[in-house]
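Student: In our numbering, the protein residues as written are 41 to 436. Cβ atoms here follow ideal geometry from the backbone N, Cα and C, with glycine treated the same way. Bear in mind the structure is a predicted one, so any value in this text is a computation, not a measurement.
1. Cβ atoms of residue 179 and residue 214: under 8 Å apart, would you say?
2. Look at the Cβ atom of residue 64, then the Cβ atom of residue 169, and state whether they are nearer than 8 Å.
3. Note down, in chain order, each residue of its chain lying with its Cβ closer than 8 Å to the Cβ of residue 50, except the 5 sequence neighbours on either side.
4. I need the straight-line Cα distance from residue 151 to residue 268, nearest angstrom please.
5. Please classify residue 54: is it buried, with 16 or more other beta-carbons within 10 angstroms of its beta-carbon, or exposed?
6. In whole angstroms, what is the alpha-carbon distance linking residue 153 and residue 83?
7. Report all residues from its chain with a CB closer than 7 Å to the CB of residue 306; omit the five preceding and five following residues, and keep chain order.
8. Compare the Cα-Cα distances from residue 138 to each of 242, 235, 383 and report the closest residue.
9. Looking at residue 71 and residue 190, is the spacing between their C-beta atoms short of 8 Å?
10. If you run the structure through DSSP and keep just helix, strand and coil, what is residue 330?
11. Would residue 186 and residue 373 be called neighbours here (beta carbons separated by less than 8 Å)?
12. Start and end of the alpha helix (DSSP H) containing residue 349?
13. Go through its chain and collect everything with a Cβ distance to residue 42's Cβ below 6 Å, but skip five positions before and after it.
14. Return the residue from the list 318, 173, 308 that minimises the CA-CA distance to residue 79.
15. Tell me the residue span of the alpha helix (DSSP H) that contains residue 277.
16. Excluding the 5 residues preceding and the 5 following residue 60 in the sequence, name in chain order all residues of the same chain whose CB lies nearer than 6 Å to its CB.
17. Please classify residue 218: is it buried, with 16 or more other beta-carbons within 10 angstroms of its beta-carbon, or exposed?
18. Using the rule of at least 16 other Cβ atoms within 10 Å of the residue's Cβ for burial, across every protein chain shown, is residue 45 buried or exposed?
19. Report the CB separation of residue 270 from residue 330 in whole angstroms; it is logged as a contact under 8 Å.
20. Per DSSP, residue 223 forms a beta bridge with which residues?
21. What's the gap between the Cα of residue 403 and the Cα of residue 247?
22. Could you tell me the boundaries of the alpha helix (DSSP H) in which residue 292 lies?
23. Once the 5 residues before and after residue 391 are set aside, which same chain residues still bring their CB inside 6 Å of it?
24. Just to confirm, are residue 345 and residue 98 a CB contact at a threshold of 8 Å?
25. Measure the C-alpha to C-alpha separation of residue 252 and residue 192 and round it to an integer number of angstroms.
26. Taking the alpha carbon of residue 322 as the reference point, which residue from 354, 297, 292 has its own alpha carbon closest?
27. Evaluate residue 238 with the Cβ neighbour count: other Cβ atoms within 10 Å of its Cβ, from every protein chain shown; 16 or more gives buried, anything less gives exposed.
28. Does chain B have any CB closer than 8 Å to the CB of residue 150?
29. Here's a check: name, in chain order, each residue in its chain whose Cβ is nearer than 8 Å to the Cβ of residue 389, leaving out the five neighbours to either side.
30. Have a look at residue 95 and residue 146 and give me their C-alpha separation to the nearest angstrom.
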């Protein structure tokens, strides 16, 4: 079988699905290659331990492709404020709020399952998207198209191939794009907890050299989602503990803010290693990378997924403005996409990596400096607004 389209997207995560819907909405014929083993998320009332802090750029993209309205709104929590805490006896504090930023919400906390179910539902009604199941084994580009060979012998041909296949991207490797990789020596521990006191839609984050970076994000009702970027040694300890023991640690950390925490689901905990990955390019001949295939950053700011959605918006914009005499995979179109995304990606990489290094150093002089820095930024409205604007994905 030979399948021909304008755009072929490899990878069926949330970024790839959003890209398929966006290109289809732009009037292009899209092929979405999904692994043969891919399964739709099972319906359940349990809270998904994998959540995303969706910013305004991502919200705008998901709204434009009619996905935001399809989410289960009862399982989406707005973030009205965020409080960042330093460590030590003189811990600094930095606070943001939606009112000060003149927006309805700083972000929205969305479960992975809720997001993917809404994307899957939208794809069923997207007449321009052909979902193909299979495994890609070869990728070749020529002057007029890129061809993807599947393990079963089928061929997918398109003017543009989009790699949305994650940090270990097969598409990136086929293009021989080198990358810089550095493990952080940390693992993210994720789980959900009930809190005794209402969180008032406030997200809390603590920086500690000894314990890593701990974030408690608001879920609907008196529930919070934990993202604990823990040093490997501590992560081993945490994964051996019961969630009741972890809840006791968090109760002590949060103090009077949330009251006593307790596990929502006794065995619902996941972990994944953290690293920095910088590809030397995000485009190749008739190929564009998006999402984790194009960049992997530390999750301390919660914007890895948002960077991916911004990639989708940027690539669709570059392709939509290509002009009648250029096809989707034209080298100038891809160059325009790469230039447009360079600053945003680099800034997020430098910010997250710099903060991870700064707050990971267990030295008293550095602890004092970073706590002073948090307090100083908190007192400088102009700088504070710029930081908020970058996090929101919009100018303030």
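Tutor: With the given structure in hand:
1. Taking the first residue of the chain shown as 1, we reach residue 214 at position 174. Taking the first residue of the chain shown as 1, we reach residue 179 at position 139. In this structure, residue 179 lies closer than 8 Å to residue 214 by Cβ.
2. As a first step, residue 64 is located in the chain shown; it is residue number 24 there, counting from the start. As a first step, residue 169 is located in the chain shown; it is residue number 129 there, counting from the start. Contact flag set, yes.
3. Within the chain shown, numbered from 1, the residue matching residue 50 stands at position 10. So the list reads 56, 73, 176, 188, 201, 202, 203, 204, 205, 210, 211, once near-sequence residues are dropped.
4. Numbered from 1 along the chain shown, position 111 holds the residue referred to as residue 151. Numbered from 1 along the chain shown, position 228 holds the residue referred to as residue 268. Between residue 151 and residue 268, the C-alpha separation is close to 17 Å.
5. Numbered from its first residue, the chain shown carries residue 54 at position 14. Residue 54 counts as buried, since no fewer than 16 other beta carbons sit within 10 angstroms of its beta carbon.
6. Mapped onto the chain shown, residue 153 falls at position 113. Mapped onto the chain shown, residue 83 falls at position 43. Straight-line Cα distance between these residues: approximately 9 Å.
7. Counted from its first residue, the chain shown places residue 306 at position 266. Here the set comprises 283.
8. The residue you call residue 138 lines up with position 98 of the chain shown. Taking only the C-alpha atoms, the option nearest residue 138 is 242.
9. Residue mapping note: residue 190 aligns to position 150 of the chain shown, counting from 1. Residue mapping note: residue 71 aligns to position 31 of the chain shown, counting from 1. With respect to the 8 Å criterion, residue 190 and residue 71 are not classified as neighbours on the basis of their beta carbons.
10. Looking up residue 330 in the chain shown gives position 290. In the three-state reduction of the DSSP assignment, residue 330 falls in the coil class, being assigned neither a helical nor a strand state.
11. Stepping through the chain shown from its first residue, residue 186 is reached at position 146. Stepping through the chain shown from its first residue, residue 373 is reached at position 333. For the pair residue 186 and residue 373, the CB atoms are not nearer than the 8 Å cut-off.
12. As a first step, residue 349 must be located in the chain shown, where it is residue number 309. Residue 349 -> alpha helix (DSSP H) spans 344-360.
13. As a first step, residue 42 is located in the chain shown; it is residue number 2 there, counting from the start. Closer than 6 Å at Cβ, skipping near neighbours: 195.
14. Taking the first residue of the chain shown as 1, we reach residue 79 at position 39. Across the set 318, 173, 308, the C-alpha of 173 shows the shortest separation from the C-alpha of residue 79.
15. For the purposes of this step, residue 277 is taken as residue 237 along the chain shown, with counting starting at 1. Residue 277 -> alpha helix (DSSP H) spans 272-280.
16. If you number the chain shown from 1, residue 60 lands on position 20. Excluding residues within five positions, the ones whose Cβ falls inside 6 Å are 49, 70, 72, 169.
17. Position 178 of the chain shown holds residue 218. Per the 10 Å Cβ criterion, exposed.
18. Locating residue 45 in the chain shown gives position 5, counting from the first residue. So residue 45 counts as buried.
19. Here residue 270 corresponds to residue number 230 of the chain shown, with the count starting at 1. Here residue 330 corresponds to residue number 290 of the chain shown, with the count starting at 1. 29 Å between Cβ atoms; not a contact.
20. Working through the chain shown from its first residue, we reach residue 223 at position 183. Per DSSP, 315.
21. The sequence position of residue 403 within the chain shown is 363, counting from 1. The sequence position of residue 247 within the chain shown is 207, counting from 1. Model confidence at residue 403 stands at a pLDDT of 45, short of 50, so the residue's coordinates are unreliable and nothing is read from them.
22. Here residue 292 refers to the residue found at position 252 when the chain shown is read from its first residue. DSSP places residue 292 inside the alpha helix (DSSP H), whose first and last residues are 283-294.
23. Translated into the one-based positions of the chain shown, residue 391 becomes position 351. Shown here for residue 391: not one same chain residue has a beta carbon closer than 6 Å to its own, the five before and five after excluded.
24. One-based indexing of the chain shown puts residue 345 at position 305. One-based indexing of the chain shown puts residue 98 at position 58. Yes, Cβ-Cβ distance for residue 345 and residue 98 is below 8 Å.
25. Translated into positions along the chain shown, residue 252 becomes position 212. Translated into positions along the chain shown, residue 192 becomes position 152. Taking the straight line from one Cα to the other gives about 46 Å.
26. Reading the chain shown from its first residue, position 282 is the one you call residue 322. Among 354, 297, 292, the Cα nearest to that of residue 322 is on 354.
27. Numbered from its first residue, the chain shown carries residue 238 at position 198. Exposure of residue 238 is indicated by the presence of fewer than 16 other C-beta atoms within 10 angstroms of its C-beta.
28. The structure shown contains no chain B; it is built from a single protein chain.
29. Locating residue 389 in the chain shown gives position 349, where the first residue counts as 1. These residues qualify, in order along the chain: 316, 318, 335, 337.
30. For the purposes of this step, residue 95 is taken as the residue at position 55 of the chain shown. For the purposes of this step, residue 146 is taken as the residue at position 106 of the chain shown. The straight-line gap separating the alpha-carbon atoms of residue 95 and residue 146 is approximately 7 Å.
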